[in-house]
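**Student:** Residue numbers (UniProt numbering), protein chains in the order written: chain A, 1 to 539; chain B, 1 to 305. Don't be surprised by glycine CBs; every beta carbon is placed ideally from N, CA and C.
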Amino acid sequence: MIVSTQAPLLHWDRLSVPLPTGADRPHAVENLSLDLRQNEVLCLVGESGSGKSVSAMATMGLLKGEMSQTSGAIRFAGQDLTKLSPDARRQLTGSKLSMVFQEPIASLNPFYTAGAQVSETIRTHSDQPAAAIREKVLSLFEEVHLPNPEQIFRAYPHELSGGQCQRVMIASALALDPAVLIADEPTTALDVTTQAQILSLILALRDNHNTGILFITHDFGVVSEIADRVAVMRKGQLVEVGPREQILTNPQHDYTKALLAAVPKLAPRAARPVQGKPILEVNSVSKTYRTGSFLRKAGREVKAVVDANIHIHGGETLGVVGESGSGKTTLSQCIIRMVEPTSGQVQIAGKDFLSLKGKELRKARQRVQIIFQDPYTSLDPRQKVGDAIAEGPLIHGTDMREATKISHELIEAVGLETAAADRYPHEFSGGQRQRICIARALALQPDLLIADESVSALDVSVQAQILDLLADIQTQRGFAMLFVTHDLRVASQICDRICVMQRGQIVETGAPDQLFANAKEPYTRALLAAVPGANRVFG
Amino acid sequence: MEFWITRAFRLALTLFVVVTLTFILLRTSYDPVVAMLGPDATAREIEMFRSRWNLDKPLFDQYLAYLGNAIRGDFGNSFRDGRPVFVVIAERFPQTLWLGGVSYVFAIVIGVPAGILAALYRGSIFDRAIMVVSVVGFALPNFFLGILMILLFSLVLQILPSSGASSWAHIIMPAFALGLTLAGILARFTRSAMLEVLSKTYMLAAEAKGIRPVRRAIFHALPNAALSVITIMGLILGNLVAGTVVVETVFAWPGIGRLLVTAISSKDLAVVQALVFVIAAAMVLINLAVDLSYRMLDPRTRRSS
Numbered sequence: 001m002i003v004s005t006q007a008p009l010l011h012w013d014r015l016s017v018p019l020p021t022g023a024d025r026p027h028a029v030e031n032l033s034l035d036l037r038q039n040e041v042l043c044l045v046g047e048s049g050s051g052k053s054v055s056a057m058a059t060m061g062l063l064k065g066e067m068s069q070t071s072g073a074i075r076f077a078g079q080d081l082t083k084l085s086p087d088a089r090r091q092l093t094g095s096k097l098s099m100v101f102q103e104p105i106a107s108l109n110p111f112y113t114a115g116a117q118v119s120e121t122i123r124t125h126s127d128q129p130a131a132a133i134r135e136k137v138l139s140l141f142e143e144v145h146l147p148n149p150e151q152i153f154r155a156y157p158h159e160l161s162g163g164q165c166q167r168v169m170i171a172s173a174l175a176l177d178p179a180v181l182i183a184d185e186p187t188t189a190l191d192v193t194t195q196a197q198i199l200s201l202i203l204a205l206r207d208n209h210n211t212g213i214l215f216i217t218h219d220f221g222v223v224s225e226i227a228d229r230v231a232v233m234r235k236g237q238l239v240e241v242g243p244r245e246q247i248l249t250n251p252q253h254d255y256t257k258a259l260l261a262a263v264p265k266l267a268p269r270a271a272r273p274v275q276g277k278p279i280l281e282v283n284s285v286s287k288t289y290r291t292g293s294f295l296r297k298a299g300r301e302v303k304a305v306v307d308a309n310i311h312i313h314g315g316e317t318l319g320v321v322g323e324s325g326s327g328k329t330t331l332s333q334c335i336i337r338m339v340e341p342t343s344g345q346v347q348i349a350g351k352d353f354l355s356l357k358g359k360e361l362r363k364a365r366q367r368v369q370i371i372f373q374d375p376y377t378s379l380d381p382r383q384k385v386g387d388a389i390a391e392g393p394l395i396h397g398t399d400m401r402e403a404t405k406i407s408h409e410l411i412e413a414v415g416l417e418t419a420a421a422d423r424y425p426h427e428f429s430g431g432q433r434q435r436i437c438i439a440r441a442l443a444l445q446p447d448l449l450i451a452d453e454s455v456s457a458l459d460v461s462v463q464a465q466i467l468d469l470l471a472d473i474q475t476q477r478g479f480a481m482l483f484v485t486h487d488l489r490v491a492s493q494i495c496d497r498i499c500v501m502q503r504g505q506i507v508e509t510g511a512p513d514q515l516f517a518n519a520k521e522p523y524t525r526a527l528l529a530a531v532p533g534a535n536r537v538f539g
Numbered sequence: 001m002e003f004w005i006t007r008a009f010r011l012a013l014t015l016f017v018v019v020t021l022t023f024i025l026l027r028t029s030y031d032p033v034v035a036m037l038g039p040d041a042t043a044r045e046i047e048m049f050r051s052r053w054n055l056d057k058p059l060f061d062q063y064l065a066y067l068g069n070a071i072r073g074d075f076g077n078s079f080r081d082g083r084p085v086f087v088v089i090a091e092r093f094p095q096t097l098w099l100g101g102v103s104y105v106f107a108i109v110i111g112v113p114a115g116i117l118a119a120l121y122r123g124s125i126f127d128r129a130i131m132v133v134s135v136v137g138f139a140l141p142n143f144f145l146g147i148l149m150i151l152l153f154s155l156v157l158q159i160l161p162s163s164g165a166s167s168w169a170h171i172i173m174p175a176f177a178l179g180l181t182l183a184g185i186l187a188r189f190t191r192s193a194m195l196e197v198l199s200k201t202y203m204l205a206a207e208a209k210g211i212r213p214v215r216r217a218i219f220h221a222l223p224n225a226a227l228s229v230i231t232i233m234g235l236i237l238g239n240l241v242a243g244t245v246v247v248e249t250v251f252a253w254p255g256i257g258r259l260l261v262t263a264i265s266s267k268d269l270a271v272v273q274a275l276v277f278v279i280a281a282a283m284v285l286i287n288l289a290v291d292l293s294y295r296m297l298d299p300r301t302r303r304s305s
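1) Quick one: does Arg191 (chain B) have its CB under 7 Å from some CB of chain A?
2) Taking buried to mean at least 16 other C-beta atoms within 10 Å of its own C-beta, is Arg489 (chain A) buried or exposed?
3) Please check if any C-beta of chain B sits within less than 7 Å of the C-beta of Arg433 (chain A).
4) Which residue from A:Pro104, A:Lys52 and A:Asn31 puts its Cα closest to that of Thr70 (chain A)?
5) Which residues in the same chain have their Cβ closer than 7 Å to the Cβ of Leu458 (chain A), if we skip the five residues on either side of it in sequence?
6) According to DSSP, which residues form a beta bridge with Ile498 (chain A)?
7) Within 7 Å of any Cβ in chain A, is that where the Cβ of Lys209 (chain B) sits?
8) I believe Leu436 (chain A) touches Leu379 (chain A) by the beta-carbon criterion, under 8 Å. Please report the beta-carbon distance rounded to the nearest angstrom.
9) Let me confirm a value: Asn54 (chain B) is counted as buried when at least 16 other C-beta atoms fall within 10 Å, else exposed. Which label applies?
10) Assuming the contact rule is C-beta atoms closer than 8 Å, residue 541 (chain A) and Ala189 (chain A) should be a hit. Round their C-beta distance to whole Å, please.
11) State the DSSP-derived secondary structure class of Ala451 (chain A), mapped to helix, strand or coil.
12) Which partner residues does Leu214 (chain A) have in the DSSP bridge list?
13) Can you check which of these residues, A:Gln383, A:Gln333, A:Glu360 and A:Arg206, is closest to Gln369 (chain A) by C-alpha distance?
14) Note down, one range per segment and in chain order, each beta strand (DSSP E) of at least 3 residues found wholly within the segment 347–404 of chain A.
15) Ignore the nearest five residues each way along the sequence and tell me which others in Asp219 (chain A)'s own chain have a CB closer than 6 Å to its CB.
16) For Ser305 (chain B), does the three-state DSSP call read helix, strand or coil?
17) Of the residues A:Lys357, A:Leu449, A:Cys165 and A:Leu81, which one's Cα is nearest the Cα of Leu318 (chain A)?
18) Counting contacts by CB-CB distance shorter than 7 Å, is Tyr202 (chain B) in contact with chain A?
19) By the 10 Å Cβ neighbour count, where 16 or more other Cβ atoms means buried, how is Leu235 (chain B) classified, buried or exposed?
20) Of all the CB atoms in chain A, is at least one closer than 7 Å to the CB of Arg10 (chain B)?
21) Going by C-alpha distance, which of A:Thr256, A:Cys43, A:Glu301 and A:Pro381 is nearest Glu427 (chain A)?
22) Three or more C-beta pairs closer than 8 Å, one from the segment 466–477 of chain A and one from the segment 300–310 of chain A: is that the case here?
23) Using 7 Å as the threshold, is the C-beta distance between Ile279 (chain B) and Val245 (chain B) below it?
24) Hey, out of A:Glu142, A:Val455, A:Glu143 and A:Lys96, whose CA is closest to His124 (chain A)'s CA?
25) Measuring CA to CA, which of A:Asn109, A:Gln275, A:Cys499 and A:Ala308 is closest to Gly314 (chain A)?
26) When DSSP labels each residue in this structure, what does Arg90 (chain A) get in the three-state scheme?
27) Measure the C-alpha to C-alpha separation of Ser53 (chain A) and Ala12 (chain B) and round it to an integer number of angstroms.
28) Of the residues that make up the segment 85–96 of chain A, which ones have a beta carbon closer than 7 Å to any beta carbon in chain B?
29) Got a sec? Which residues, its chain only, sit under 7 Å from Ile172 (chain B) by beta carbon, not counting five neighbours each side?
30) Does Asn54 (chain B) come out as helix, strand or coil in the three-state DSSP assignment?
31) Measuring only the C-alpha atoms, how far is Pro174 (chain B) from Leu174 (chain A)?
32) Looking only at its chain, what residues have a beta carbon closer than 7 Å to the beta carbon of Leu34 (chain A), apart from the 5 residues adjacent to it on each side?
33) Would Glu103 (chain A) pass as an interface residue toward chain B - the criterion being a Cβ-Cβ separation below 7 Å?
34) Opposite Arg229 (chain A) in the DSSP bridges: which residues?
35) Give, in chain order, every residue of the segment 390–417 of chain A whose Cβ lies closer than 9 Å to some Cβ of chain B.
36) For Trp4 (chain B), count the other beta carbons within 10 Å of its own beta carbon; 16 or more makes it buried, fewer makes it exposed. Which is it?
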């Protein structure tokens with residue numbers, strides 16, 4: 001870390017941001033006092049709703065309505081940003097203070113080319129001639145390591161990958177050599193290998209441009225890789241701030257300690273001895289998507305899953321890990337025939353699942369249940385929680401009284417009160433909703449439970465609880481679990497065996513301890529190396 | 001290339017279905033001879049009329065003959081005055097094109113900007129006022145609005161002519177009656193399309209670049225909102241066609257809408273069939289144009305290959 005003795009670049013002085021009336025607390029951010037220095041990465045961490053993004057938006061002047069009525073001051077270059085006129089503030093926004101967002105693809109306007117959008121940033125704040133702007137943009141693309149800058153310049157956002165879009169956004173943020181760069185979860189939506197590249201790019205920017213970087217994240221792995229200093233927020237208040245090592249190894253505040261303790265350990269466990277009978281047997285399953293039409297038979301072929309072989313016993317958890325587009329979700333959907341496999345066999349509890357039709361298929365589907373990623377959209381907002389859980393048994397012929405009993409038992413089993421049965425999904429938090437989804441999946445007493453990124457949308461502390469819950473219930477009920485995730489830390493904790501997928505193929509399978517200690521495939525090793533903070537134990 | 005072949009094929013198929021359906025519906029719903037000649041006609045008169053118009057042949061033969069002629073562009077002669085149907089339609093068509101065009105332009109010029117402004121000043125009195133007017137616009141049946149306007153401007157104030165199409169002044173009321181509904185629909189859809197776009201992350205990113213609000217609205221939000229507005233502009237053409245039938249009748253506007261009404265009431269089969277074909281063809285072509293402009297506008301479809 002480079003310790004700077006200069007005056008702070010940016011100084012938040014008792015900044016408070018009000019929440020609209022009717023919210024669960026009066027302030028989104030309360031009395032935030034914090035400094036950002038030149039040539040440093042200050043990581044702002046906290047769980048969802050802690051006020052970290054709102055602080056960033058307030059700094060950029062992007063808050064609307066009641067929330068824009070901030071109090072306190074944000075001092076930059078001798079002025080209080082909150083007191084500037086809209087015009088004066090806009091002149092700083094995007095030139096001296098710039099920002100990169102979480103969703104790189106959504107942050108680019110689909111209507112314009114990447115080149116046009118970065119050029120616009122420069123044009124907004126200067127009178128350079130078009131040719132000079134073009135040269136500048138191309139050199140920025142070069143600096144953020146975009147391959148073939150000329151081509152990217154003319155490309156539309158939908159033609160770029162998520163990582164490339166984020167590089168374009170960073171190029172745009174850097175265009176006018178800003179003093180402050182705010183990056184709001186810039187790598188959360190990206191794969192680990194891409195994340196590692198973007199993180200090293202951001203560190204290079206700090207060193208080459210002397211930029212002060214406010215880096216918002218919920219991921220302590222990322223913090224350990226990139227931060228010079230760390231500020232921890234909780235419910236709108238700053239609880240602790242200090243140098244990286246101090247916060248990570250010797251946190252003072254209980255909340256920081258709890259957060260660190262909840263970070264999933266990259267502590268690969270050994271496989272448990274196989275006890276149950278074989279539940280899932282997948283032989284040479286492939287899924288190929290063909291684009292073509294009646295006029296042009298030979299379209300493009302996309303091989304989403306190629307010749308996959310997996311098997312799981314009762315009580316066992318098999319992890320499927322891989323980056324986006326590796327085919328892990330397609331594979332899990334082939335197993336329950338949400339997607340029809342192109343070829344191969346799937347046996348579930350001794351039944352040939354792929355040959356089933358109509359009524360038989362519906363009946364057999366009881367045996368397999370799935371929990372999705374987003375607990376907010378996977379529950380019907382107009383259906384009471386109890387009804388949502390009882391619906392499955394009812395459809396499959398259980399009578400009302402028995403179904404209600406099952407529903408109440410499960411609600412308790414997932415750690416909620418039975419009164420929850422009469423409430424609607426919106427009355428619950430994300431973690432509680434995911435508990436409800438688990439109860440719903442278990443209501444049919446499945447032999448196989450598929451968890452597709454089921455903890456990815458949750459805060460770490462909640463994530464840890466849900467993982468514990470899944471493991472406990474599995475011990476009690478003995479179902480087989482297929483756990484699809486991009487997060488190797490999570491996989492290393494919960495899985496007995498892990499298979500690694502790349503471009504539709506399972507490249508390697510093994511118990512976590514073996515796989516992590518000596519992976520045979522270079523791809524597996526690359527994935528492991530890219531996990532942020534891989535060599536570190538938190539909490 | 002493939003795109004064009006598929007589109008041309010679909011266009012032909014749609015028109016074929018339209019021609020066939022109108023033929024079947026009209027021929028099976030009533031006997032045109034009795035309808036034309038009235039209940040007092042003698043058997044001999046009926047016989048003559050049948051053979052004169054080939055109505056004595058089996059229905060399927062009539063259909064084949066009709067289809068064959070239709071492909072050659074010949075929709076037969078009016079049962080009423082014996083003139084070729086296309087001559088009858090051709091003298092009315094420009095009037096409807098004129099009225100429809102003026103109303104459509106009026107709807108776009110009023111509706112789209114109103115929707116944009118309502119979205120930009122969401123929740124303001126201005127927004128609410130626009131939405132109230134637009135609800136009135138599409139809730140008020142256009143024949144009723146037409147009659148109200150005739151009462152006020154022709155009978156009471158006596159400043160606008162109530163019927164006909166002989167001067168500029170004649171088009172004001174019918175175009176307004178027809179266009180107001182469409183403007184109302186367009187304003188609402190433009191507003192919601194704009195609101196959706198304004199909530200996107202790229203709009204926030206544009207703001208974070210320091211781009212001025214006016215430029216953000218015009219260059220960043222509008223082109224993206226335009227994609228859904230254009231779809232609606234194609235769909236409301238259906239309302240426009242339905243509207244011309246009513247409005248032309250109210251204002252005695254000599255267009256094909258009114259021709260359709262008179263042809264139906266006088267059971268002039270040939271004219272009705274041809275009119276339905278012309279209207280359907282116009283709709284299909286305009287929707288094709290909408291599709292094309294959509295394709296040209298959206299980089300995702302323009303450069304998907």
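**Tutor:** In brief:
1) no
2) buried
3) Not one chain B Cβ lies under 7 Å of Arg433 (chain A).
4) In terms of Cα proximity to Thr70 (chain A), the closest of A:Pro104, A:Lys52 and A:Asn31 is A:Asn31.
5) Gly430, Gly431, Gln434 and Ile466
6) A:Gly319 and A:Gly510
7) yes
8) Contrary to the premise, residue 436 (chain A) reads as Ile rather than Leu in this sequence. Rounded, the Cβ-Cβ distance is 6 Å, consistent with contact.
9) Label assigned to Asn54 (chain B): exposed.
10) Beyond the ends of chain A as shown, which are 1 and 539, falls residue 541 (chain A); an answer cannot be given.
11) strand
12) When DSSP reads this structure, Leu214 (chain A) sits in a beta bridge with A:Leu42 and A:Ile182.
13) Nearest C-alpha to Gln369 (chain A) among A:Gln383, A:Gln333, A:Glu360 and A:Arg206: A:Gln333.
14) 368–371
15) Taken in chain order, the list of residues that qualify is empty.
16) In this prediction, Ser305 (chain B) has a pLDDT of 42, which is less than 50 and means its spatial position is unreliable; what the coordinates show is noted afterwards. Coil, per DSSP.
17) A:Leu449
18) yes
19) exposed
20) no
21) A:Pro381
22) no
23) no
24) According to the sequence shown, residue 124 (chain A) is Thr rather than His. Selected option, being the one with the closest Cα: A:Lys96.
25) For Gly314 (chain A), the nearest C-alpha among the options comes from A:Gln275.
26) helix
27) 55 Å
28) Listed by position, the residues of the segment 85–96 of chain A near chain B (Cβ gap below 7 Å) are Arg90, Gln91, Thr93, Gly94 and Ser95.
29) Leu160
30) coil
31) 57 Å
32) Trp12, Ala231, Leu238 and Val241
33) yes
34) A:Leu42 and A:Pro243
35) For the segment 390–417 of chain A, which is checked against every Cβ of chain B, not one residue is closer than 9 Å.
36) Taking all protein chains shown into account, Trp4 (chain B) has fewer than 16 neighbouring C-beta atoms within 10 Å of its C-beta and is therefore exposed.
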